[in-house]
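Novice:
4 protein chains.
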Amino acid sequence: MNRQDPEGAIAEAAKAYSNWGRWGEDVLGTLNFLDEAKRREGAALVRRGASFSLSQSFDMNGPQQGWRRRTNPVHTMLDTGTDAALGNQGFPHGIGGADDMIAMPLQCSTQWDGLGHIFDHGRAWNRRDAARTVTSEGDLVTGIEHMAPYVAGRGVLLDVGRVVGSGNELPDGFTIAEEHLAATAEAQGVTIGRGDIVVVRTGRLTRARHKGWGDYAGGAAPGLSFTTAGWLHRTEIAAIATDTWGFEVRSNEFEGAFQPLHQVVIPNMGLLIGKMWDLDALAEDRARDAVYKFWLTAAPLPITGAVGSPVNPIAVK
Amino acid sequence: MNRQDPEGAIAEAAKAYSNWGRWGEDVLGTLNFLDEAKRREGAALVRRGASFSLSQSFDMNGPQQGWRRRTNPVHTMLDTGTDAALGNQGFPHGIGGADDMIAMPLQCSTQWDGLGHIFDHGRAWNRRDAARTVTSEGDLVTGIEHMAPYVAGRGVLLDVGRVVGSGNELPDGFTIAEEHLAATAEAQGVTIGRGDIVVVRTGRLTRARHKGWGDYAGGAAPGLSFTTAGWLHRTEIAAIATDTWGFEVRSNEFEGAFQPLHQVVIPNMGLLIGKMWDLDALAEDRARDAVYKFWLTAAPLPITGAVGSPVNPIAVK
Amino acid sequence: MNRQDPEGAIAEAAKAYSNWGRWGEDVLGTLNFLDEAKRREGAALVRRGASFSLSQSFDMNGPQQGWRRRTNPVHTMLDTGTDAALGNQGFPHGIGGADDMIAMPLQCSTQWDGLGHIFDHGRAWNRRDAARTVTSEGDLVTGIEHMAPYVAGRGVLLDVGRVVGSGNELPDGFTIAEEHLAATAEAQGVTIGRGDIVVVRTGRLTRARHKGWGDYAGGAAPGLSFTTAGWLHRTEIAAIATDTWGFEVRSNEFEGAFQPLHQVVIPNMGLLIGKMWDLDALAEDRARDAVYKFWLTAAPLPITGAVGSPVNPIAVK
Amino acid sequence: MNRQDPEGAIAEAAKAYSNWGRWGEDVLGTLNFLDEAKRREGAALVRRGASFSLSQSFDMNGPQQGWRRRTNPVHTMLDTGTDAALGNQGFPHGIGGADDMIAMPLQCSTQWDGLGHIFDHGRAWNRRDAARTVTSEGDLVTGIEHMAPYVAGRGVLLDVGRVVGSGNELPDGFTIAEEHLAATAEAQGVTIGRGDIVVVRTGRLTRARHKGWGDYAGGAAPGLSFTTAGWLHRTEIAAIATDTWGFEVRSNEFEGAFQPLHQVVIPNMGLLIGKMWDLDALAEDRARDAVYKFWLTAAPLPITGAVGSPVNPIAVK
């Protein structure tokens, strides 16, 4: 990794780890690695039947501060129990109802990044022209609705915060390298394989719980090193998610860069990335069974043309 | 069922099939029936590893026409590939990005009704005062976020449209009685049990696909009879969903009534109800394996205080 | 006007009636014609002191049907009198409050089109590059906020619907030519001059009141002829508004064209155009005083970077 | 004013300054004072023809921090010049277009408070039952749409910040009493009369411009004293607006109180109150002509059932 030439280093990694053309006229990227056999393998991991949500709450107490017009979700009521109780609704026989709505950026909280979320020099996933792929009408080709049925398989937790960190957390700016991923997997007795959905706990969200959001949404944070691009490519995982805003380490490893690992893995590798997942309840459950493998369903809402989706991932083990 | 006294009939059923107090200070209702054993049973149904989305698309081509301010989802872009390609974004090294947002009623498309969605004479689930439970700030007690980790278990499809209907569809106004549910289960070789998530296909959505939405959102439709309240209670299912707007038959069975079965099953029974699910792909797959039981994950977004949630239910078999 | 060559005819008119460069590095277009002397002239028209709103209501009963994601306004409550009365709000000493919000396309109802609303072959007003002027972040140069202080001056009503039409209305598809504008002005005893804000009543909104919206938002309607471009330029009016969706006649006069007069007058002439104004109350008042000139304030909301704005124009005479 | 008994003091003022029943079944409150004669008087004040916007910008750089779900406006594009330039829009003959939308609380920036915005012990304006007046469907009786045609008349600026303050600003917490209003009026050579729209500049917004928003939206600020209720009633002004978030002084004058002057003047007096107006450009213009009286149009958007409205007030002198 040549720190003196970020654009060159990015281009080199993009080329080395590209999956362009690997699956033809594709709209799924690495989700192609998650096949039926992998799902059978994942389902077999349900032993206790305990289920866990890996999602943060969606409300105005979230981390967003307005960058790129990313706000926290605004939930409002269209009808209420209050109105029902006072007989304001005009329904017969004593029935009353409440309705509600939400307005939110699809990147505001626990989410998947769609394949149309990041571009590299005007190219979207699979060498497509970004300008013809994601317009004001949305992602006309690789919208997240295409992934709707498929994001269910074998999940593996890598609790790097616990294994490598101190006090169950990695410090901000900590660069998670391949060796840390390997050490964590070994300590936990798991192996990562083709088609897996890997969830990496850094402890950054845990810290936000203790100390307040601060600049959780965009500030310094632990995260994957740019150098893990090869690992992400070689392992042929289907997807990866973290408990951080940015997935990769912040500040970024090249001076003046912005999310260089994204630039490699989304448009070039076609990797499905999750962010701001809440891995604490699942991680804490290890005290009970020391199990890090589970059945994971993390279904994006099929919002037509979306470049991302909020998600409530459910782990069952 | 006394058709001359709807309010009396509703009150009678509400009392007969009430689960108030059954689980103490409860916020989950019949989801309590879905336990870890049931999840183990459900996971064991994954044989092929094939997965299916049971969700409609979320976009402006949906069925809503504005009743009670229910609109279709409005998806808009905050940044686009177009702008990225033209270098409008100010990012370094050739990276570009797209962001987006959504504004939508939580009742606009494939959804779960939360326990705070319906009231009976000013009472919410578990005898709570509706006026103190669901205010302008949302459902302060039984918000759908409480269900976030749990909606994963054994799913059973009852394809009443195919078994009882003609041409794979039930006609509008068709009242699905207990006998039709039983006949369908028998024809399909399945039994419904405690903790199951039952999905009932009527064919109404299939018809909308052929003939246009028309008044799909609120108009005449097949659906469950008011008289199935006893079955819904007795079977101790965890949840039930249909491919219709209204779950129960429309027009309603009492003159002048509005969704009387809702009034019984949500606030009194605590039943989790799903609507506007798309069961066609799953149902069509029967031609391949004649299997109607599957592992089902239907995780609501944990929107704090919401009385409902959009959902992308994933069936795996 | 060569109907066989629409693109050529548009180009010819665009060139003939261009104001590019007329006011230097300009962000106001023809609003430059509305000077302080004109405001003094307008204010002197206040004789009775009677005031009129020229705005439609902003609510879900509007004409929009979803074209280009244009919906009707969605108004929702954040707090209500209902909750206040029940003591749900936690305020002291008996005070209670209600708050609300709105989500709406800026083109949904009574509006001004900003200078960034229409482009001609990739050119925005004053020869600017459309792709650098109006991005996903909005109109970076000619946002409607620049006009915020200035839209107040002399208004003149041309009630073409009454003078030229029958039964107070022009039929759908009626092409208002320069001669109709002249005949109306003469019949009303008014002259149009530099810096005026002209409001043209066709009766189309009146008809929608009687017969329902139908396809008010985009369908057939009376409106200005493409051939009025010269008149619009020569008169040096500051702005013009109609009671129709489209300002110009619909169907458009060239086969296969879409709003060709817009293409000439917004990006090339820099003309401020208003749409969907409600001119009926003002027009009906003529029975009392036969006055068609008035003081008009039609202040856009200074939404930063907006390409249009809802507006409540106030006429006082 | 008995500081030991806030609720008693509020009740006393509410009774003393009530206008309940004064105008029968009324929906306009003190706007009734603004008659045609007053409009003629106001129009006669247009001498130079110079116009001023008294509105802040509507964008995400505003003061809101989320209290009561009040966010800053979110402006998004539905179509852009970028897409037009790239030929993504499918329009003929080289025409392109941009559309946009906004989502915002009606209380987010420069605004009018409607009569349904505040209640006193469950009573809305004119003794109405708050619970029947402002429901989840909005203000069913006194919605701001009723005021749409009328808010145009004589405006008077009281620049208390300049006359009474130091460095052109009043300090936070400064209580503007009747004597300060009188001293300012006298220093400026103006008298306040029946039907006037009074705009009071404190300098609080000027300070926010220099020092950042801080807690402009709800924190300490200069403002009217509770004791000015009598003056507000006696002068029979039509409306009053300030350059602050809260109109009345913050912190409030009674311990534990919340906006007690609101509680008196909105539901009991029926006074139209404006907030967060930007009075700086108008105030600075005094250096040129020392004129504090002007024609003012401040037309709320006729949002059906709204308890407030954003507004771009236009002063012309």
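Chains as they are written, first to last, in my numbering: chain A, 50 to 366; chain B, 50 to 366; chain C, 50 to 366; chain D, 50 to 366. We put the CB at the ideal spot given by N, CA and C, even for glycine.
Three or more C-beta pairs closer than 8 Å, one from the stretch 266-282 of chain D and one from the stretch 293-302 of chain D: is that the case here?
Specialist: yes
Novice: Going by C-alpha distance, which of A/GLY261, A/ILE225, A/ASN317 is nearest A/PHE415?
Specialist: Limits of chain A in this structure are 50 at one end and 366 at the other, which puts residue 415 of chain A out of reach.
Novice: Going along chain A, which residues have a C-beta under 7 Å from D/ASP128?
Specialist: SER185
Novice: Would you call the stretch 305-317 of chain D and the stretch 335-354 of chain D touching, i.e. three or more CB-CB distances under 8 Å?
Specialist: no
Novice: Kindly indicate if chain D contains any beta-carbon less than 8 Å away from that of C/LEU254.
Specialist: no
Novice: If we cut at 8 Å on Cβ distances, does A/GLY323 have a partner in chain B?
Specialist: In terms of beta-carbon proximity, A/GLY323 stays away from the interface with chain B, with every pair separated by 8 Å or more.
Novice: At a Cβ threshold of 8 Å, is C/LEU135 touching chain A?
Specialist: yes
Novice: Tell me which residues share the same chain as A/TRP280 and place their Cβ nearer than 7 Å to its Cβ, disregarding the 5 neighbours each side in the sequence.
Specialist: Excluding positions up to five away in sequence, the list reads GLU227, LEU230.
Novice: Using a Cβ-Cβ cutoff of 9 Å, what residues of the stretch 151-163 of chain B are near chain D? List them in chain order.
Specialist: ALA152
Novice: Compile a chain-ordered list of the residues in the stretch 198-221 of chain A whose CB is closer than 7 Å to at least one CB of chain B.
Specialist: PRO198, TYR199, ALA201
Novice: Flag this pair as touching only if the stretch 201-221 of chain B and the stretch 164-178 of chain B have three or more C-beta atom pairs under 8 Å; answer yes or no.
Specialist: No: fewer than three Cβ pairs fall under 8 Å.
Novice: Taking Cβ-Cβ distances shorter than 9 Å, what residues in chain A pair up with C/THR131?
Specialist: THR129, THR131, ASP132, ALA134, LEU135, ASN137
Novice: In whole angstroms, what separates the C-alpha of A/SER102 from that of A/VAL249?
Specialist: 15 Å
Novice: How would you label A/LYS87, buried or exposed, when you count the other beta carbons within 10 angstroms and need 16 or more for buried?
Specialist: buried
Novice: Thinking C-alpha only, which one of C/ILE144, C/GLY267, C/LEU331, C/TRP116 is nearest C/GLY204?
Specialist: When each option's Cα is compared against that of C/GLY204, the closest is C/LEU331.
Novice: List the residues that DSSP assigns as beta-bridge partners of A/LYS324.
Specialist: For A/LYS324, which the question treats as bridged, DSSP gives the partners A/GLN160.
Novice: Using the Cα positions of C/ILE165 and C/TRP116, report the straight-line distance between them to the nearest angstrom.
Specialist: Looking at the sequence shown, residue 165 of chain C is not Ile but Gly. Cα to Cα, the separation comes out at about 19 Å.
Novice: Output yes or no for whether 8 Å exceeds the beta carbon distance between C/SER104 and C/ASP327.
Specialist: yes
Novice: Output the distance between the C-alpha atoms of A/ILE352 and B/PHE107, rounded to the nearest integer angstrom.
Specialist: 5 Å
Novice: Within the stretch 122-166 of chain C, note down every full beta strand (DSSP E) run reaching 3 residues or more, in order along the chain.
Specialist: 123-128, 144-146, 148-154, 160-162
Novice: Give a yes or no on whether 8 Å exceeds the smallest Cβ distance from C/THR240 to chain B.
Specialist: no
Novice: Grab the span of the beta strand (DSSP E) containing B/ARG203 for me, first residue to last.
Specialist: 201-207
Novice: What distance in whole Å lies between the Cβ atoms of A/ILE193 and A/PRO349, which are believed to be in contact at a cut-off of 8 Å?
Specialist: 5 Å
Novice: Quick check: the stretch 118-132 of chain D against the stretch 131-150 of chain B, are there 3 or more CB pairs under 8 Å?
Specialist: yes
Novice: Return the chain-ordered ranges of every beta strand (DSSP E) run that is complete within the stretch 165-190 of chain A and spans a minimum of 3 residues.
Specialist: 167-169
Novice: Which parts of the stretch 60-117 of chain A are runs of the alpha helix (DSSP H), unbroken and 4 residues or longer, counting only runs that do not cross its ends?
Specialist: 85-92
Novice: Note down, in chain order, each residue of its chain lying with its Cβ closer than 7 Å to the Cβ of A/LEU310, except the 5 sequence neighbours on either side.
Specialist: Annotation for A/LEU310: LEU273, PHE275, ALA278, GLU297 place their beta carbon closer than 7 Å to its own, counting only its chain and skipping 5 residues before and after.
Novice: Any residues in the stretch 269-300 of chain A with a beta carbon nearer than 9 Å to a beta carbon of chain B? Which ones, in chain order?
Specialist: none
Novice: For A/TRP344, which beta-bridge partners are listed by DSSP?
Specialist: A/ARG203, A/VAL365
Novice: Expressed to the nearest angstrom, what Euclidean distance is found between the alpha-carbon atoms of A/ILE167 and C/ALA201?
Specialist: 45 Å
Novice: Would you say D/THR125 faces chain B, with C-beta separation under 8 Å as the test?
Specialist: yes
Novice: Assuming the contact rule is C-beta atoms closer than 8 Å, A/LEU77 and A/HIS259 should be a hit. Round their C-beta distance to whole Å, please.
Specialist: Not quite, the Cβ-Cβ distance comes to about 38 Å (not below 8 Å), so this is no contact.
Novice: Which of the three DSSP states is assigned to B/VAL212 in this structure?
Specialist: helix
Novice: Go to D/VAL313, then tell me how far its beta strand (DSSP E) extends in each direction, as first and last residue.
Specialist: No beta strand (DSSP E) contains D/VAL313, which is instead part of the alpha helix (DSSP H) from 309-313.
Novice: Check whether the Cβ atoms of C/PHE188 and C/GLY163 lie closer than 8 Å to each other.
Specialist: Per the sequence shown, residue 188 of chain C should be read as Asp rather than Phe. Yes, the pair counts as a contact, with Cβ atoms nearer than the cut-off.
Novice: Under a CB-based cut-off of 8 Å, is D/THR346 close to chain C?
Specialist: yes
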